[in-house]
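Asker:
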Ligand SMILES: [Zn+2]
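Residue numbers (the working numbering): 382 to 500.
1. Could you please give the first and the last residue of the uninterrupted beta strand (DSSP E) stretch that includes residue 411?
2. Got a sec, what are the start and stop residues for the beta strand (DSSP E) residue 421 sits in?
3. Out of 382, 403 and 479, which has the shortest C-alpha to C-alpha gap to residue 458?
4. Quick check: what's the CA-CA separation for residue 464 versus residue 431?
5. Does the beta carbon of residue 423 come closer than 8 Å to any beta carbon on chain D?
6. So the alpha helix (DSSP H) residue 443 belongs to, where does it begin and stop?
7. Closer than 7 Å is what we want: which residues have a beta carbon that near any heavy atom of ligand 1? List them in chain order.
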């Protein structure tokens, strides 16, 4: 089992990560619903020229990809925070039995599977 002190440290890492991800997402996307982790990439209107339009579309499709990546990370982080609250943090979500090694959690606090299941 993970002791309280380590759990607190990992929680701080997760909250920092959450804060960072939400800030990054806020720049390129908007929240679909308050209280949910669904984001929609912003479509920015630069201008009416064909060149502007092409740029808008390109930027939008870039943002779509980044939004999705950040959104998935945010979901992982929030999932880990929920597991902390439920007292199931550090236990593999897949086999629900194996403990996730502490070194792995330190490197990747939102990890939800043990090494065996990850493979
Ligand atoms: Zn497992």
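Note that beta-carbon positions come from the ideal geometry of N, C-alpha and C, so glycine has one too.
Answerer: So, from the data block:
1. 410–412
2. 420–422
3. 403
4. 49 Å
5. No chain D appears in this structure, which consists of one protein chain only.
6. 431–467
7. 473, 475, 476, 478, 479, 494, 495, 497 and 498
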